[in-house]
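For reference, the structure is listed below as structure tokens.
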């Protein structure tokens, strides 16, 4: 299963992507408001940055799961994710996620 397929799977079968995007967008909007008005990003740029952050998270999730699945088929991944309650754990992790300002 590649990253894009995993992202689609997570969007379809859990709230992981929704929770992450809500938190990332809120964080980026807060960060954006601290910028000078003339230098603020528009909504499209905020969405691109949030999508980039999501892609990084999906890559990390993929890299952690891949060694535990013998076959790289969607069915094998689905079985692994179901048997190990990965979706529930990911949703919990995303709900506890908080972004911090980097100085």
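Residue numbers (the working numbering): 5 to 107. Just so you know, even glycine gets a beta-carbon here, dropped at the ideal spot from N, CA and C.
Task: residue 98 beta carbon less than 8 Å from that of residue 54 - done: no
Open item on the list: With three or more C-beta pairs closer than 8 Å as the rule, is the region 9–20 touching the region 83–96?
Closed with: Yes: the two stretches touch, three or more of their Cβ pairs being nearer than 8 Å.
Task: Nearest to residue 6 (by Cα), restricted to the options 68, 39 and 29 - done: 68
Open item on the list: Give me, in chain order, the residues of the same chain whose beta-carbon lies closer than 8 Å to that of residue 23; leave out the 5 immediate sequence neighbours on both sides.
Closed with: Closer than 8 Å at Cβ, skipping near neighbours: 95, 98, 99 and 101.
- [ ] Could you check how far apart the C-beta atoms of residue 58 and residue 28 are, in whole angstroms? I think they sit under 8 Å.
- [x] 7 Å
Task: Buried/exposed call for residue 32, threshold 16 Cβ in 10 Å - done: buried
Task: residue 47 versus residue 37 - alpha carbon distance - done: So the alpha carbons of these two residues sit roughly 12 Å apart.
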